[in-house]
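Visitor:
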Amino acid sequence: EAQVTQNPRYLITVTGKKLTVTCSQNMNHEYMSWYRQDPGLGLRQIYYSMNVEVTDKGDVPEGYKVSRKEKRNFPLILESPSPNQTSLYFCASSLPGITGELFFGEGSRLTVL
Amino acid sequence: AQSVAQPEDQVNVAEGNPLTVKCTYSVSGNPYLFWYVQYPNRGLQFLLKYITGDNLVKGSYGFEAEFNKSQTSFHLKKPSALVSDSALYFCAVRPYGGATNKLIFGTGTLLAVQP
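Those sequence lines, one after another, are chains F and R. At position 61 of the first sequence the residue is numbered 260 (the numbering used here), and the sequence of numbers has no breaks. At position 69 of the second sequence the residue is numbered 1289 (the numbering used here), and the sequence of numbers has no breaks.
(1) Could you work out which residue in V265/F, V311/F and Q202/F is closest to F1266/R when comparing CA atoms only?
(2) With distances taken between CB atoms, is the gap from V1241/R to L1331/R smaller than 8 Å?
(3) Closest to S232/F by C-alpha separation, out of P238/F, V213/F, N250/F and L218/F, would be which residue?
(4) In chain R, what lies closer than 7 Å to T140/F by C-beta?
(5) Taking the alpha carbon of Q1222/R as the point to measure from, which residue in G1326/R, Q1334/R, N1275/R and P1335/R has its own alpha carbon closest?
(6) Under 8 Å, CB to CB, which of the residues in the segment 216 to 229 of chain F have a partner in chain R?
(7) Strictly under 8 Å for the Cβ-Cβ distance: is Y247/F near chain R by that measure?
(8) G1249/R: which of G1282/R, T1329/R, A1285/R and K1289/R sits nearest, CA to CA?
(9) Just how far apart, CA to CA, sit E305/F and P274/F?
(10) Please classify I211/F: is it buried, with 16 or more other beta-carbons within 10 angstroms of its beta-carbon, or exposed?
(11) For a contact defined as C-beta to C-beta under 7 Å, what are the partners of Q284/F on chain R?
(12) Measuring straight from C-alpha to C-alpha, what distance separates L309/F and S286/F?
(13) Smallest Cα separation from E269/F: which of S281/F, Y263/F, K256/F and Q224/F?
(14) Measuring only between beta-carbons, confirm whether F303/F sits less than 8 Å from chain R.
(15) Examine chain F for any beta-carbon lying closer than 8 Å to the beta-carbon of G1279/R, and answer yes or no.
(16) If you run the structure through DSSP and keep just helix, strand and coil, what is N1250/R?
(17) Between which two residues does the beta strand (DSSP E) harbouring M231/F extend?
(18) Answer yes or no: does any C-beta atom of chain F fall closer than 8 Å to that of L1323/R?
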């Protein structure tokens, strides 16, 4: 089954404790991206990757890092989480070409205390 | 600035009645337009998209959307609502000629279908 898999789905952590949210897709997509969803703000792009070893900032990259060492994986790293990073995070992927739709993971709800 | 507006935070409709969820956009050039649905505790699921051609686009679960260039709108419609259609709906736009696959999302509209 074609899917984007995120882990963990739910996480409660404390300020400053590094964490990684993993994302993996099995559709051989070149493009991958991370979004955060906040009430009243919709989804905002954090980082994206056009292909292996190619990453770039989205609209709200502060406080986040990413890497793309393999085509299927695109982890999101919070080096020193803060309470304003409490949010619902989605990983997405798509084929190259700008007419294609994004395929989303199930989401990771992160709470930073 | 490129943006998408969903003017209604919530739409209430009775089961069996037609539904409309509104979306307007502001981008440079011709846009690529998308609708997604999000059920509770789930990721976003693709419903339909407008790329070019016929202004009326048909998608999953009986939904359709009408692209109106003069009004810069892309409203989502369904002739007969089901209780199971209750969910959060997002409109999104990808600016024509953009260098990435990025989507700009609206703030979402909660659709509540009453039995």
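We treat Cβ as the ideally placed atom computed from N, Cα and C, and that holds for glycine.
Guide: On the basis of the data shown:
(1) Q202/F
(2) yes
(3) N250/F
(4) Past the edges of chain F, shown from 200 to 312, lies residue 140/F, and the structure says nothing about it.
(5) G1326/R
(6) none
(7) yes
(8) K1289/R
(9) 15 Å
(10) exposed
(11) The premise fails here: Q284/F is roughly 19 Å from chain R at the closest Cβ pair, so nothing lies under 7 Å.
(12) 6 Å
(13) Q224/F
(14) yes
(15) no
(16) coil
(17) Y230 to D237
(18) yes
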